[in-house]
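Scroll down for the structure; my scribbles are underneath it.
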Ligand SMILES: Nc1ncnc2c1ncn2[C@@H]1O[C@H](COP(=O)(O)OP(=O)(O)OP(=O)(O)O)[C@@H](O)[C@H]1O
Ligand SMILES: [Mg+2]
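Residue numbers (my numbering): 429 to 663.
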């Protein structure tokens with residue numbers, strides 16, 4: 429079953445210039461979709477549009493048959509989509525614990541159990557819960573950002589470059605965490621520079637270039653595709 433679908437999205441940051449042209453992407457319940465493509469392709473712009481930060485000029489975003497195209501980010505979050513931006517994704521002057529609490533800002537119920545679950549997923553964060561996020565390593569900060577996004581118990585998680593700037597060992601451990609989160613039933617759209625690894629864990633992959641859909645197929649088929657390898661996976 430398709431849980432989230434962006435259809436024929438045309439969008440940009442100003443009314444004159446569009447960045448995305450008729451881009452379509454969807455993810456099925458509990459599956460992982462990876463989006464790859466060169467710098468400036470519009471990958472981050474696509475996630476921002478899905479999350480309601482940008483309003484598309486045309487096209488639609490549908491969550492489980494409900495049109496959410498016109499909703500603002502707080503409303504989109506309430507519907508069950510969480511988003512981890514590419515940059516500035518934690519509050520550096522707040523502690524780890526406070527960052528997680530901020531992630532629950534639209535929850536009115538008791539979320540202490542959810543915080544415990546996130547500390548189980550990322551034990552290193554639990555040990556440092558009173559430490560300011562700004563003092564953490566890049567990998568730990570990324571875990572805080574993901575933990576914050578998980579506070580709302582989303583059905584779909586949008587991750588923009590979760591492995592950016594991390595050492596190879598940390599990249600592997602972040603990807604392991606992503607798979608662990610996915611196994612709890614959360615569908616994901618992951619934008620990644622680390623395209624080969626991203627396609628390995630993806631059920632389905634999309635290639636974007638210059639604001640357009642170039643190709644989409646199973647992660648496996650894209651990895652085996654000679655042209656994709658040469659153009660987008662560094663040979
Ligand atoms: N806030 C903004 N205002 C105006 N233009 C923007 C803004 N953010 C991005 N752009 C432009 O939109 C285009 C697509 O950018 P986007 O960040 O979506 O690409 P990307 O595929 O995520 O690239 P990268 O791999 O470098 O993260 C680029 O030409 C970029 O300059
Ligand atoms: Mg980007």
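A virtual CB, placed ideally from N, CA and C, is assigned to each residue, including glycine.
Problem set entry | Cβ pair residue 617, residue 478 closer than 9 angstroms | Cβ atoms of residue 617 and residue 478: closer than 9 angstroms.
Exercise. Is the beta carbon of residue 632 sitting closer than 9 angstroms to the one on residue 456?
Worked result: Yes. Within cutoff.
Exercise. According to DSSP, is residue 493 helix, strand or coil?
Worked result: coil
Problem set entry | Cα-Cα separation, residue 572 to residue 513 | Those two C-alpha atoms are separated by around 12 angstroms.
For this session: Compute the minimum distance between the beta carbon of residue 640 and the heavy atoms of ligand 2, and state whether it is under 8 angstroms.
Result: no
For this session: Use the C-beta contact count for residue 634: other C-beta atoms within 10 angstroms, 16 or more gives buried, fewer gives exposed.
Result: buried
Exercise. So, helix, strand or coil for residue 540, using DSSP?
Worked result: helix
Exercise. What whole-angstrom Cβ distance do residue 460 and residue 630 have, given they're in contact under 8 angstroms?
Worked result: 5 angstroms
Problem set entry | Sheet register partners of residue 634 (DSSP bridge) | DSSP lists 463 and 644 as the bridge partner or partners of residue 634.
For this session: Indicate, with yes or no, if ligand 1 has a heavy atom lying under 8 angstroms from the CB of residue 634.
Result: Result no, Cβ not under 8 angstroms from ligand 1.
Problem set entry | Completely contained alpha helix (DSSP H) runs for the stretch 547-576, where each covers 4 or more residues | 551-555
Problem set entry | residue 500 in three-state terms, based on DSSP | coil
For this session: Return the bridge partner residues of residue 599 from the DSSP annotation.
Result: Paired residue(s): none; residue 599 is not in a bridge.
Problem set entry | Residue nearest to residue 593 in terms of C-alpha spacing, selected from 565, 647 and 498 | Looking at the Cα atoms, 565 is the closest of the given residues.
Exercise. Taking 8 angstroms as the cut-off, is the CB of residue 502 close to at least one heavy atom of ligand 2?
Worked result: Because no heavy atom of ligand 2 lies under 8 angstroms away, the Cβ of residue 502 does not count as near it: no.
Exercise. How is residue 441 classed by DSSP in three states: helix, strand or coil?
Worked result: coil
Problem set entry | Heavy atoms of ligand 2 versus C-beta positions, residues under 7 angstroms | 471, 472, 514, 588, 589 and 619
Problem set entry | Extent of the continuous alpha helix (DSSP H) to which residue 474 belongs | 471-478
For this session: For my contact list, residue 522 and residue 561 are in at a C-beta cut-off of 8 angstroms; report their separation, rounded to the angstrom.
Result: 6 angstroms
Exercise. In angstroms, rounded to a whole number, what distance separates the CA positions of residue 500 and residue 603?
Worked result: Whole-angstrom Cα-Cα distance: 29 angstroms.
Exercise. Got a sec, what are the start and stop residues for the beta strand (DSSP E) residue 450 sits in?
Worked result: 448-456
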